[in-house]
Amino acid sequence: MMLVIIWIARRRNFPMEAPVPWSEIPRIFVRTLLLCLCRSFCSEASTLACSPDGSRGGRALYALVLALFVYRALDWRGLVSVLADSARSTAVVGIIICAHSS
4 MMLVIIWIAR RRNFPMEAPV PWSEIPRIFV RTLLLCLCRS FCSEASTLAC SPDGSRGGRA
64 LYALVLALFV YRALDWRGLV SVLADSARST AVVGIIICAH SS
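Position in the sequence shown (from 1) plus 3 gives the number in the numbering used here.
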């Protein structure tokens with residue numbers, strides 16, 4: 004699969020990023036390993052300690068912490084927007100269910 008991806012990328016002249024220096028690889032490896040271990044621990048601990056709904060909530064909280072603080076893909080203004088969209092979608096689904104029930 005990776006060979007096909009490389010072939011297509013070179014054929015379409017996709018831009019390449021600068022290579023990662025060898026001195027950065029240990030730091031990246033340790034950071035990735037810690038994130039993977041933390042995810043596994045949080046996932047297993049929440050599954051064993053809570054109901055399925057509680058474990059889903061714990062995993063959602065973990066994803067939120069990752070998006071806000073680790074990857075910095077989401078800021079506080081974006082978080083408000085995401086929560087508003089989620090509430091709106093939940094309300095629409097609730098209205099549809101109520102309309103179907105009556």
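Note that CB positions come from ideal geometry on N, CA and C, so glycine has one too. Quick caveat, the model's predicted, so the values are computed rather than measured.
Straight-line measurement puts the Cα of A94 at about 43 Å from the Cα of I11.
The region 12-36 contains no complete alpha helix (DSSP H) run of 4 or more residues. Spatial neighbours of A76 in its own chain (CB-CB distance under 6 Å, excluding positions within 5 residues in sequence) are listed in chain order as A70. Taking the C-beta atoms as reference points, L82 is found no nearer than 9 Å to L64. Here DSSP, grouped into helix, strand and coil, assigns M5 to helix.
Secondary structure at L77: coil, using DSSP grouped into helix, strand and coil.
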